[in-house]
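One structure is given below, encoded as C-alpha cells.
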Amino acid sequence: MVYKAPARNRGKALIAAAMGWQDTPDLTMFPGNVVAKPLEHVYAANDANKFIAYNNIPPDIPKVKTKSNSKGVLMMNPQAPDEASWIVHTIPGFPKALTGYVFPPAEI
Numbered sequence: 018m019v020y021k022a023p024a025r026n027r028g029k030a031l032i033a034a035a036m037g038w039q040d041t042p043d044l045t046m047f048p049g050n051v052v053a054k055p056l057e058h059v060y061a062a063n064d065a066n067k068f069i070a071y072n073n074i075p076p077d078i079p080k081v082k083t084k085s086n087s088k089g090v091l092m093m094n095p096q097a098p099d100e101a102s103w104i105v106h107t108i109p110g111f112p113k114a115l116t117g118y119v120f121p122p123a124e125i
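Going left to right, the sequence shown walks through residues 18 to 125 as our numbering numbers them.
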C-alpha cells in the first residue's frame with residue numbers, strides 16, 4: 018500500500034517484509050519506485066504483460082457520466098507464479114496504456 022499526499026513528492030509505503038510504514042523515494046522522479054515498478058506491465062510494449070484498468074474518467078474519452086468513483090489497475094505476469102499487483106487510486110484518466118505518467122504540476 019502506498020500513500021502520496023497532494024503537493025508532496027515522497028510518500029509512505031507498507032511493504033510486506035518491513036515493519037510499519039516506510040518512507041518512499043521521490044515518487045515523481047525515481048522510475049523504479051514502488052508505484053512505477055508494478056506499472057511496467059501497463060507501460061511496457063510486451064505481449065506477455067496483462068492488465069485490466071478501470072476508471073470512471075477513462076483517458077481520451079470525453080466526459081462520461083457515472084455514479085461510480087472507482088479507479089484501479091490489476092496487473093499480472095502469467096509467465097511467473099504469484100506475480101501480480103493491484104493498484105487502487107484516485108487519478109482521473111490513469112493509466113493510459115503504453116504511455117508513461119507525469120504528475121501534474123499541482124501534485125508536485
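Quick reminder that beta carbons are idealized off the backbone N, C-alpha and C, glycines included.
Own chain partners of Asp43 with C-beta closer than 8 Å, once the 5 adjacent residues on each side are dropped:
One-based indexing of the sequence shown puts residue 43 at position 26. Here the set comprises Asn26, Arg27, Asn50.
Tell me whether Ile104 is buried or exposed, calling it buried when 16 or more other Cβ atoms sit within 10 Å of its Cβ.
Within the sequence shown, numbered from 1, the residue matching residue 104 stands at position 87. Its Cβ being crowded by 16 or more others within 10 Å, Ile104 is buried.
Taking the continuous alpha helix (DSSP H) assigned at Val81, which residues delimit it?
Counting from one through the sequence shown, the residue named residue 81 turns up at place 64. Looking at the DSSP string, Val81 is not in any alpha helix (DSSP H), and its letter there is neither H nor E.
I need the straight-line Cα distance from Asp40 to Leu56, nearest angstrom please.
For this step, residue 40 is matched to residue 23 along the sequence shown. For this step, residue 56 is matched to residue 39 along the sequence shown. Going from the Cα of Asp40 to the Cα of Leu56 covers about 20 Å.
Extent of the continuous alpha helix (DSSP H) run through Val59
Position 42 of the sequence shown, counting from 1, holds the residue named residue 59. Here the alpha helix (DSSP H) through Val59 covers 57-60.
First and last residue of the uninterrupted beta strand (DSSP E) at Val105
Indexing the sequence shown from 1 puts residue 105 at position 88. 101-105 is the span of the beta strand (DSSP E), which, as asked, contains Val105.
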